[in-house]
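Asks: Counted the way mature numbering (1 follows the signal peptide of the UniProt record, and there is no 0) counts, the sequence shown spans residues -27 to -1, 1 to 414. Here it is: the structure, laid out below.
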Amino acid sequence: MSAGNSGFLKFIVLLLPCLLMTFQAAASDDTDDDIAALLHGSWSGKLGTGRTELTIVFNFSTDADGAFTVTMDSPDQGAEGIAAELDEDALPALSINIPSVFAAYSGMLYRGQIMGTFSQGGMSLPLTLTKGELVLDRPQTPQPPFPYNTEEVRFFNAAAGATLAGTLSWPEGCDLSISGGASEITGKLPVAVVMVSGSGLQNRDEEIFGHRPFLVIADWLARHGVASLRYDDRGFGESAGGELESATTEDFMQDALAAVEFLRNSGRFSKIGVIGHSEGASIAFMLGARGAVDFVVSLAGLGVRGDKALTAQVNRIMELSGQTGTVSEEIYRQNARLEGNAWLNWFIDYDPTDDIASTVCPVMAVNGSKDCQIISSLNLEAIRAELPQDSRNLIKEYDSLNHLFQHCATGAVTEYRSIEETVSAELLADLAGWISMNFMQ
């Protein structure tokens, strides 16, 4: 249930007084070629909706015949490449129609900016665009040189016909090269973790809006003596093969199990655990229930049946967007079931209770108090209630963290991109500290 790029999400335009903007522009002798040269590239701006701001990007290019091609992005909502139409007869004034979202933009080039109005659903809002690629500040993204080792590896889920590609990171002080085959193991065997991402096809870094949380976690762990294996989801990135259309969480669990067995069969690690985020946390408990791992880390994990968790998610997102009323579980189930969507239809019925109750290895289960996708008060308490007693267990809710474990204002998905923090430093410290205290002594 992570917020990956799943195509265009409906724009949320809140009711505001209609704002009109007029422009005076000096007469221009610019030719069409001059205009094309000026426009070519990406132009971005912030659309203020009252409660929040949405980044809007227009991408201008010309084809071989000199005709304009325009697309629009709404990166805060994970939408890219939305087809748009430019009225070339109106140049040098800009008149852009975006039919698939019933929106339009009109503006004028003025002193290096495009000043204009974005209209949708009867509302008109000012939008000023500036030329240039959007540069997102992600200060936690690790930069080389790294004080640890990495290796690109491949492993196999033979039953599914999937080849999974990933990155193995391990601390200094030992030679753990797996693919080389001839290296001798030197130094103390490290603890290793397999990292399992949330729902939707994602790369090994669980990348979203320029954030790379699994890379940040892997880097932190390697600097604190813990090895990790993170991998591209089946059929995504450098991973290949494996059925996707009919795949459910159980199938993705088999991919994660293949990663665990890959590490286990290498004989190069003292303990092997699994860190799962969102849907990946459910997979972590599945592996824990099967006795496949030595410990489980659940990040924003599910604690109740899928339909109950998803109904709570829908209601929280509605609340954050200013909508009144709630959706019942019965109504959600009636509307959510989709013919041909094997993953969702399976997940709606999935109850993690048995897997959690059958996980007898140590567990670290954490959620953020402002998570709008996996509601902490509902899911974390259910995990706490079902988990077998173990003095090594750590159950914790982090104040003011969202689904990605970023500090946030509301927890809304629309905030993810605008937040510079990728992963809370407190979570990183707790994660490395818990593994070290329980498995590295």
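For glycine and all other residues, C-beta sits at the position ideal for the given N, C-alpha and C.
Do you know offhand how far G54's Cα is from D228's?
Replies: The alpha-carbon of G54 is positioned some 31 angstroms away from that of D228.
Asks: At 4 residues or longer, what runs of the alpha helix (DSSP H) sit wholly inside the region 252 to 280?
Replies: 252 to 262
Asks: Candidates S73, A285 and V233: which alpha carbon is nearest L137's?
Replies: V233
Asks: On the three-state DSSP scale, how would you describe D2?
Replies: Any reading at D2 needs caution, since the residue's pLDDT is 42, under 50, leaving its predicted position unreliable; the model's value is listed next. D2 falls in the coil class under three-state DSSP.
Asks: Taking the straight line between their C-alpha atoms, what separation do you get for T387 and G146?
Replies: 42 angstroms
Asks: For S142, count neighbouring Cβ atoms within 10 angstroms of its own Cβ and tell me buried if that reaches 16, exposed if not.
Replies: buried
Asks: Measuring straight from C-alpha to C-alpha, what distance separates D38 and E179?
Replies: 40 angstroms
Asks: Where do the N-terminal and C-terminal ends of the alpha helix (DSSP H) with Q116 fall, by residue?
Replies: Careful: Q116 lies outside any alpha helix (DSSP H) and carries neither H nor E.
Asks: Under a three-way DSSP split, which group does I248 fall into?
Replies: strand
Asks: Would you tell me roughly how many angstroms separate the C-alpha atoms of G249 and A273, rounded to the nearest one?
Replies: Taking the straight line from one Cα to the other gives about 8 angstroms.
Asks: Taking C-beta to C-beta, are E302 and T284 nearer than 7 angstroms?
Replies: yes
Asks: Can you give me the start and stop residues for the beta strand (DSSP E) that A52 sits inside?
Replies: A52 to L59
Asks: Classify T395 as buried or exposed, calling it buried when 16 or more other Cβ atoms lie within 10 Å of its own Cβ.
Replies: buried
Asks: Less than 7 angstroms between the C-beta atoms of E359 and A330, yes or no?
Replies: yes
Asks: Keeping to the same chain, check which residues put their C-beta closer than 7 angstroms to that of A335; ignore five residues upstream and five downstream.
Replies: Residue identity differs from the one stated: residue 335 is Pro in this sequence, not Ala. Excluding positions up to five away in sequence, the list reads F268, D363, R365, N366 and N411.
Asks: For I245 and P115, what's the separation of their Cα atoms in angstroms?
Replies: 24 angstroms
Asks: If you check the beta carbons only, do G279 and I321 fall under 7 angstroms apart?
Replies: yes
Asks: Among D60, N70, S79 and S15, which residue has its Cα nearest to the Cα of P48?
Replies: S15
Asks: Consult DSSP for L217 and reduce its assignment to one of helix, strand or coil.
Replies: coil
Asks: Just list the residues that DSSP pairs Y204 with in beta bridges.
Replies: DSSP lists G139 as partners of Y204.
Asks: Within 6 angstroms: the Cβ of H197 and any heavy atom of the ligand ATP?
Replies: By its list of ligands, the structure shown contains no ligand whatsoever, and the ligand ATP lies outside what it can speak to.
Asks: Exposed or buried, T(-6), counting other C-beta atoms within 10 Å across all chains shown (16 or more means buried)?
Replies: The predicted position of T(-6) is uncertain, since its pLDDT is 28 and thus under 50; a value taken from the coordinates is nonetheless stated next. Counting Cβ neighbours within 10 Å, T(-6) comes out exposed, since fewer than 16 surround it.
Asks: Please report the Cβ distance between R177 and Y204, rounded to the nearest whole angstrom; I am assuming they are in contact, meaning their Cβ atoms lie under 8 angstroms.
Replies: 5 angstroms
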